[in-house]
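Residue numbers for the sequence shown follow my numbering, beginning at 925 and rising by one.
Backbone N, C-alpha and C fix where the C-beta goes; we use that ideal spot for every residue, glycine too.
Please read all numbers here as calculations on a predicted model, not as lab measurements.
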Amino acid sequence: MRKISLFIAMSLDGYIAKPNDDLSFLNLVQREGEDYGYGKFTDSIDTLIIGRKTYDYVLKNVGVSHYDNGQRDVYVVTRNQRPKIGRTTFFTGSLPDLVKKLKSEDGKNIYCDGGAEVINELLKHDLIDEFIISVIPVLLGEGTRLFKDGRPEQQLEFAQVETFDTGLTQLHYKKKQ
């Protein structure tokens, strides 16, 4: 069965964005030729689930091909209906139902790229199987928290930790079976 993985970066104090969806703190660990395992990770997926605000940010700052490269299905979770573009579907239905449907289908794994609302909705329904969280060595003090209150307790199994000379530490946990 396919699994859904979270691959995301956060500050040491748990924020995935500064106020106003500012992701500039990620630049602190950018190094030429270092992708922190992102390329290897994306080779293992063929479906992506992303919130509309995160999608719009990446579209504006990186470009549409970052997500819809013609090799994977992209589901943008949104409140507003929009027509499908290539392999990108703007999804307005039940997120838990979508994930259960996708997990039951054949294919590679599923990548949840945020944002916080999507992640926390999946956590409320215990639908994330793997957590790969890169911790950036900075305390932001405020912004968008990765984990919000109001979710059930979930026990995880440690898989591995990797450290990098930039100070980034990557934590890898799996859902306890």
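C-alpha gap between residue i and residue j, whole angstroms
i	j	result
K1032	V1062	34 Å
T1002	F1015	6 Å
F1055	F1082	10 Å
E1086	N944	30 Å
D1037	G1065	22 Å
L972	D946	22 Å
G1017	H1049	15 Å
M934	L950	8 Å
L1019	S1028	14 Å
L1080	R996	28 Å
K942	S948	8 Å
L936	Y1097	17 Å
E1041	V1000	12 Å
Y991	E958	19 Å
Proximity below 8 Å, CB of residue i to CB of residue j
i	j	result
I1052	L1070	no
V1023	T1013	no
G975	G1039	yes
I1060	V982	no
Q1094	S1058	yes
L1092	Y960	yes
I932	I940	yes
Among the options, nearest to residue i - alpha-carbon criterion
i	options	result
Q1078	Q1101, G994, R976	Q1101
P1076	Q1094, T1093, L1047, G1067	L1047
M925	Y960, L1026, N951	L1026
E956	D1089, S929, V1059, E1029	D1089
K1072	N993, S929, I1057, E1045	E1045
D1030	D1050, A941, D970, D959	D970
F930	D1021, Y1035, A941	Looking at the sequence itself, residue 930 is Leu, so the reference to Phe does not match. Nearest option by C-alpha distance: Y1035.
K977	Y1097, L1092, K1099, T1068	T1068
N993	R1011, V986, V1000, Y939	R1011
Short CB-CB distance (under 8 Å) between residue i and chain C
i	result
G1091	Checking the listed chains, one finds no chain C in this structure; it contains a single protein chain.
Task: contact_flag[the region 1006–1017, the region 962–970] where n(CB pairs < 8 Å) is 3 or more - done: With contact defined as three or more Cβ pairs closer than 8 Å, the region 1006–1017 and the region 962–970 are not in contact.
TODO: List in chain order: all unbroken beta strand (DSSP E) runs of 3+ residues lying wholly within the region 963–994.
DONE: Complete beta strand (DSSP E) runs here, min 3: 969–975.
Task: Segments assigned beta strand (DSSP E), at least 3 residues, entirely inside the region 993–1042 - done: Here the runs fully enclosed are 997–1001, 1012–1015, 1033–1036.
Task: Secondary structure, beta strand (DSSP E): runs of 3+ residues fully inside the region 935–960 - done: Taking 3 residues as the minimum length, the beta strand (DSSP E) runs contained wholly in the region 935–960 are 939–941, in order along the chain.
- [ ] Only counting runs of 4 or more residues, tell me where the alpha helix (DSSP H) segments fall wholly within the region 1036–1096, in order along the chain.
- [x] As for any alpha helix (DSSP H) of minimum length 4 sitting wholly inside the region 1036–1096, the runs are 1040–1048, ordered along the chain.
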